[in-house]
Each structure stands twice: as structure tokens, then as C-alpha cells.
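Worksheet: one structure, shown below.
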Amino acid sequence: MKDKVYIKIKGLALEEQSVDGSITEEADNVEVISVGRHTSRNGKEYIKFEEVYDGASEKSLTIIKITDDSIEVSKKGAITTCMEFAKNKRTLSCYNTPYGSIDIAIFTSVLDIKREEDRIDAAIEYTMEVNNQQMNTNRVEIEITSKSIEL
1392 MKDKVYIKIK
1402 GLALEEQSVD
1412 GSITEEADNV
1422 EVISVGRHTS
1432 RNGKEYIKFE
1442 EVYDGASEKS
1452 LTIIKITDDS
1462 IEVSKKGAIT
1472 TCMEFAKNKR
1482 TLSCYNTPYG
1492 SIDIAIFTSV
1502 LDIKREEDRI
1512 DAAIEYTMEV
1522 NNQQMNTNRV
1532 EIEITSKSIE
1542 L
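Shown next as C-alpha cells:
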């Protein structure tokens, strides 16, 4: 894969719960399209790109590390976190925002990574917990390609 890549990340909350456990309305889909850099080291692939969040003036650096059996997403800037997705594993993380920090647990039920010469596609389904309460089930689709992405 070439050094310059196009990244498309689509997120969907499949089910969202309030703190009391009642199901709330489905959240909006989120889609990020960006241009970044791809590198490979020691059998791992790294994708780096910048994001600007609504209401934030500074950019955040996002690094996606892909191995054969996990994906790690690190963000540094307005939002700082390091979330690991490994199939059938529960991982812990801290999500730092300008409004405060949240300790979260992530259980990944689906992790599907497909590699081709000029692209990587990944699908992740996971549940998120805050204070030992399941908050939502999410699906994330990641497309990384050295060719331009269709909008």
C-alpha cells in the first residue's frame, strides 16, 4: 500500500441505553473521511491522520494500529484516548475530553479485517460499558485505500 491513504470510518450505534438501563433512541450515524499516512513496522500497520471535532478549535491526531487480531485507535488532542478492539476480549480505556474523563470498558464481539494490495477493510462490533453499566452496542466500518474514496 502506498504512503498516502484515504480513510473512511463509519460508526453506528446499534442500541443505546441510558444509565438506568432503559433503551433510548438510536444515535445518529457518524462518518469521517480523511487523508492520512500509512506505514508498516514489525508486521503491524499504522494509519495516521488528523481530525477536528465539532466545537473544538484544535486538531486531534488519530493513529490506527492494525495487527492480525486487533485494532487499536489512539487519539491525541481535544480528545485523548487509546481504545483496543480484540475479538471476544474486554479491554479498559480512559476517554479524556475537554469536559472531563470517562473510564470505559469495551467488549468486541466482531472483528473482521480484510487486506488487499491497495486497501484494508475492517468491521468491528462492540459493546461499551461505563461504571459497569452497558451503555450501547456499536458497529464501526473502516476503509483504508490508496485510491480516492467515493463519497
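Start counting the sequence shown at 1392; every next residue gets the next number (my numbering).
Built from N, CA and C at the ideal position, the CB exists for glycine as well.
Source: prediction; values computed, not measured.
- Burial of E1436 is indicated by the presence of at least 16 other C-beta atoms within 10 angstroms of its C-beta.
- Buried is the label assigned to V1396, since at least 16 other Cβ atoms lie within 10 Å of its Cβ.
- For K1467, same chain residues with a beta-carbon under 7 Å away, outside a window of 5 residues either side, are S1451 and L1452 in chain order.
- The DSSP assignment places complete beta strand (DSSP E) segments of no fewer than 3 residues inside the region 1438 to 1508 at 1450 to 1457, 1461 to 1467, 1472 to 1477, 1481 to 1488 and 1491 to 1507, in order along the chain.
- Contact annotation, H1429 with I1515: C-beta distance approximately 19 Å; criterion of less than 8 Å not satisfied.
- Counting the other CB atoms within 10 Å of its CB gives T1488 a total below 16, which places it among the exposed residues.
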